[in-house]
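In my numbering, the protein residues as written are 61 to 219. To keep things clear, I will list the structure first and then write my remarks on it.
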Amino acid sequence: MRISIFSVGRLKTGPDRLLVERYLERAVHAGRSLSLDVVTREFSESRAGRGEDRMAQEATMLIAALPPGARLVALDEGGRAPTSVEFARKIGRLRDDGLGDLVFAIGGADGHGAALKSRADETLAFGQMTWPHQIVRLLLAEQIYRAMTILSGHPYHRE
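Okay, structure coming up:
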């Protein structure tokens with residue numbers, strides 16, 4: 061199964077990017093034995109100004125890029141906040157069920173448009189606070205890596 065992170069906005073060169081890349085590199089390495097791969101794709105923010113128009117354009121762009129049959133998880137503060145173990149088990153179940161593509165979508169500055177929210181199979185939150193997309197990307201990269209270690213029995217995760 062391929063896990064994709066679709067992000068509106070770009071990470072600039074610097075410590076944020078390096079940390080995200082480090083976790084994703086670890087996840088790719090750990091995922092090989094689990095039949096899991098991780099890829100990222102950055103999308104430019106819409107130039108439609110602010111609000112609904114911008115979110116709608118970004119939603120259209122993200123939805124158009126989805127692989128056929130992909131399961132879409134929108135990152136949004138209104139979503140469910142699972143534990144790391146629940147998150148890992150969900151990924152393992154989807155892989156075991158034969159899902160080909162699992163896509164996590166991180167919205168732009170104004171969040172996700174209505175079309176993306178309605179297309180999403182589920183919504184995931186890292187708490188009820190609003191986070192900048194750079195931090196959400198880092199949190200998601202770390203949790204994907206953590207999920208790989210949980211699924212493989214590696215001692216990185218401690219309970």
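A virtual CB, placed ideally from N, CA and C, is assigned to each residue, including glycine. Every value quoted in this text rests on a predicted model; they were computed, and no experiment measured them.
Roughly how many angstroms lie between the CA atoms of residue i and residue j, to the nearest whole one?
{"i": "G171", "j": "S212", "result": "34 Å"}
{"i": "L96", "j": "K150", "result": "13 Å"}
{"i": "H214", "j": "G152", "result": "15 Å"}
{"i": "E146", "j": "M208", "result": "12 Å"}
{"i": "L78", "j": "V99", "result": "15 Å"}
{"i": "G167", "j": "S67", "result": "6 Å"}
{"i": "G173", "j": "P127", "result": "19 Å"}
{"i": "A125", "j": "L132", "result": "11 Å"}
{"i": "A169", "j": "R218", "result": "34 Å"}
{"i": "S106", "j": "T120", "result": "10 Å"}
So what's residue i in DSSP terms, helix, strand or just coil?
{"i": "G138", "result": "strand"}
{"i": "G168", "result": "strand"}
{"i": "T209", "result": "helix"}
{"i": "L94", "result": "helix"}
{"i": "T73", "result": "coil"}
For residue i, count neighbouring C-beta atoms within 10 Å of its own C-beta (all shown protein chains included) and say buried if the count is 16 or more, exposed if not.
{"i": "G74", "result": "exposed"}
{"i": "E118", "result": "buried"}
{"i": "V196", "result": "buried"}
{"i": "R92", "result": "exposed"}
{"i": "H89", "result": "exposed"}
{"i": "M189", "result": "exposed"}
Can the beta-carbon of residue i be found less than 8 Å from the beta-carbon of residue j?
{"i": "A201", "j": "A87", "result": "yes"}
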